[in-house]
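In this text, residue positions in the sequence shown follow this note's numbering: the first is 4, and each later residue adds one.
Using N, Cα and C, we set each Cβ at its ideal position, and we do this for glycine too.
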Amino acid sequence: MSIPVSVVDVPIRLEEYGTAAFLVTVSPEGTPKVVHVAVVWEAGAATFRCAPGNGTLRNLDGATAATAGSGAGLGPATLIFPGPDVDTHSWLVDTTGQVHPDDPELALLAYESGVLHRPASGEQVHC
4 MSIPVSVVDV
14 PIRLEEYGTA
24 AFLVTVSPEG
34 TPKVVHVAVV
44 WEAGAATFRC
54 APGNGTLRNL
64 DGATAATAGS
74 GAGLGPATLI
84 FPGPDVDTHS
94 WLVDTTGQVH
104 PDDPELALLA
114 YESGVLHRPA
124 SGEQVHC
């Protein structure tokens, strides 16, 4: 079961889950990349800011270039905040990402939607 998380609830969730998350991006060729980042929430812009590595920035930059003018928007990216223990929901945040226009070492991740996702049952035998 998933529980929707509104953009207005982001500050509360950050207090619960902390500011460390896994950031998932995909290259224009379709190769996924997962990195661990610290995020800062910019409430006025409904945007997370972080400083991932060059590979992630290339993915966001490549996705932005590939979708510019196509009407598809900027690059999709997902933040995953694991629950603090095995019985707590994880917080999944879908965003639209781009390289910061004024600082090429930063990523801007605009909030699209979020859910608290239930933990998997510990009794699962097959994935």
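Check	Outcome
Backbone secondary structure at Leu63 - three-state DSSP	helix
Residue environment, His92, which counts as buried when at least 16 other CB atoms sit within 10 Å	buried
Which listed residue (Phe84, Gly100, Pro31, Gln101) has its alpha carbon closest to that of Trp94	Phe84
Buried or exposed (CB count within 10 angstroms, at least 16 for buried), Val102	buried
Distance between beta carbons of Val118 and Ile6, contact taken as under 8 Å	6 Å
Ala23 to Leu112 span [Cα, whole Å]	14 Å
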